[in-house]
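Engineer: Okay, handing you the structure first.
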Amino acid sequence: MRPLPQWSVVGVAPPQRMVAASLRWDGNSADVTADHTVASLKPLTIATSVDAGEHPVLEYADIITGKPLGVLRLARTASIATEKASLVLYHVAASEHRCLGWPRRPWNAWLQNRLMRKNRASNHLNMEPAVAQQLMIAYLCPRPVVLVSVDAPGHRNIFPMDLIGPLERSGFFSLALRSTNVSVPTMREVRRVVLSGTPATMKAVVYQLSGHHKQPLADWNELPFPVRLSREFGIPAVAAALRIRELAIVHSQEIGSHTFFLGRIVSDETLAEGAQLHHTAGFHQAWRRRLGMPFTEI
Numbered sequence: 003m004r005p006l007p008q009w010s011v012v013g014v015a016p017p018q019r020m021v022a023a024s025l026r027w028d029g030n031s032a033d034v035t036a037d038h039t040v041a042s043l044k045p046l047t048i049a050t051s052v053d054a055g056e057h058p059v060l061e062y063a064d065i066i067t068g069k070p071l072g073v074l075r076l077a078r079t080a081s082i083a084t085e086k087a088s089l090v091l092y093h094v095a096a097s098e099h100r101c102l103g104w105p106r107r108p109w110n111a112w113l114q115n116r117l118m119r120k121n122r123a124s125n126h127l128n129m130e131p132a133v134a135q136q137l138m139i140a141y142l143c144p145r146p147v148v149l150v151s152v153d154a155p156g157h158r159n160i161f162p163m164d165l166i167g168p169l170e171r172s173g174f175f176s177l178a179l180r181s182t183n184v185s186v187p188t189m190r191e192v193r194r195v196v197l198s199g200t201p202a203t204m205k206a207v208v209y210q211l212s213g214h215h216k217q218p219l220a221d222w223n224e225l226p227f228p229v230r231l232s233r234e235f236g237i238p239a240v241a242a243a244l245r246i247r248e249l250a251i252v253h254s255q256e257i258g259s260h261t262f263f264l265g266r267i268v269s270d271e272t273l274a275e276g277a278q279l280h281h282t283a284g285f286h287q288a289w290r291r292r293l294g295m296p297f298t299e300i
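Sequential numbering of the sequence shown, starting at 3, is according to this note's numbering.
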């Protein structure tokens, strides 16, 4: 048997309402579906506005069936205090999922891990296989893909991201960007970016722009799609975007391999309805397909 794909590229109407995330600790629980995000990949770190003590459990469950999908076991590492709000950072200590039965679950993980070790040099995540398995569980909540626009004198860029998300209780919106990204210094300096929610139909062109994590954009006119200026900042955004949000960055710090940005939404324009490009775990899509309710594959 071949392993399942690690990731499935799917179209989901935002915000996703198929998977719920809950933090549980010391007899308490909190819905964090819109209040947790990945803050770094190395080490794998989860950020949330909820202070859930030292060793909480992050549980993912299907909303329609109520069935548990997976668990991340967390260990508190640090906190961030800014603008009269605070966040807690948790290291992922252990994980498990229930999307595949026995013995396919451990067999699939073994096959995937073997393939990751074999292709370690070409694996852009450059993660240990066990940590990659934990990351897949964090993607049980399908993660939307956006194109991030940066524009400043002498520097312009646009690149895809999915390590983003709201931290609802604090009012922040976060981005975790690999610190080697060429636009990180500019983002820390100008403190403003624009996020374009990309339609699922733009998958090919979105992935083509991945090279701009390393190389800035020479000219906005060279893009293969029309742009429009954002409402307040006047930064070029995707004209065909489903949604355009302007983000004022209020805090940034390095967490392991990534720079973690926190911002406030300055403007939020919903321009169209439709399926947005999302990523989820391959074993999650396999589970949904078995139940006859798969996400739309892109």
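Glycine included, each C-beta is placed from N, C-alpha and C at the ideal position.
Around the Cβ of ASN30, are there at least 16 other Cβ atoms within 10 angstroms (buried) or fewer (exposed)?
Structural biologist: Start at 1 with the first residue of the sequence shown, and residue 30 comes out as number 28. Exposed: under 16 other Cβ atoms inside 10 Å.
Engineer: For the putative contact between THR298 and VAL21, defined by C-beta atoms under 8 Å, what is the C-beta separation to the nearest angstrom?
Structural biologist: Residue numbering aside, residue 298 sits at position 296 when the sequence shown is read from its first letter. Residue numbering aside, residue 21 sits at position 19 when the sequence shown is read from its first letter. Wrong, their Cβ atoms sit about 15 Å apart, outside the cutoff.
Engineer: How big is the Cα-Cα spacing for MET118 and TRP109?
Structural biologist: By one-based count along the sequence shown, residue 118 stands at place 116. By one-based count along the sequence shown, residue 109 stands at place 107. Taking the straight line joining both Cα atoms gives about 14 Å.
Engineer: Apart from the five residues just before and just after ASP170, which ones in its own chain have a Cβ nearer than 6 Å to its Cβ?
Structural biologist: The residue you call residue 170 lines up with position 168 of the sequence shown. Inspection of the sequence shows that residue 170 is occupied by Glu rather than by Asp. Contacts found: ALA36 and ASP37.
Engineer: Measure the Cβ-Cβ separation of HIS93 and THR50 and say whether it is below 8 Å.
Structural biologist: As a first step, residue 93 is located in the sequence shown; it is residue number 91 there, counting from the start. As a first step, residue 50 is located in the sequence shown; it is residue number 48 there, counting from the start. Not closer than 8 Å, so no.
Engineer: Could you check where the alpha helix (DSSP H) with ASN303 kicks off and where it finishes?
Structural biologist: Here the chain comprises residues numbered 3 to 300, so residue 303 is not present and cannot be evaluated.
Engineer: If you reduce the DSSP assignment to three classes, tell me which class PHE285 lands in.
Structural biologist: Counting from one through the sequence shown, the residue named residue 285 turns up at place 283. Helix at PHE285.
Engineer: Check for me: the alpha helix (DSSP H) holding ALA36 runs from which residue to which?
Structural biologist: Numbered from its first residue, the sequence shown carries residue 36 at position 34. From DSSP, ALA36 is part of no alpha helix (DSSP H); its letter is neither H nor E.
Engineer: In its own chain, which residues sit with a C-beta less than 7 Å from the C-beta of LEU211, not counting the 5 before and 5 after it?
Structural biologist: Translated into positions along the sequence shown, residue 211 becomes position 209. If we look at LEU211 and ignore the five residues flanking it on each side, its Cβ neighbours are LEU149, ILE160, PHE161 and PRO162.
Engineer: Would you say PRO228 and ALA220 are within 8 Å of each other, going by their C-beta atoms?
Structural biologist: Your numbering for residue 228 matches position 226 in the sequence shown. Your numbering for residue 220 matches position 218 in the sequence shown. No. Outside cutoff.
Engineer: Excluding sequence positions up to five away, which residues of its chain have a Cβ less than 6 Å from the Cβ of ARG245?
Structural biologist: As a first step, residue 245 must be located in the sequence shown, where it is residue number 243. Contacts found: GLY199 and THR272.
Engineer: Once the 5 residues before and after SER10 are set aside, which same chain residues still bring their CB inside 6 Å of it?
Structural biologist: In the sequence shown, residue 10 corresponds to position 8, counting from 1. Within the same chain, SER10 has close Cβ partners THR282, GLY284 and GLN287.
Engineer: Check whether the Cβ atoms of THR188 and ALA239 lie closer than 8 Å to each other.
Structural biologist: On the sequence shown, position 186 is the one that residue 188 refers to. On the sequence shown, position 237 is the one that residue 239 refers to. No, these two residues do not count as a Cβ contact at 8 Å.
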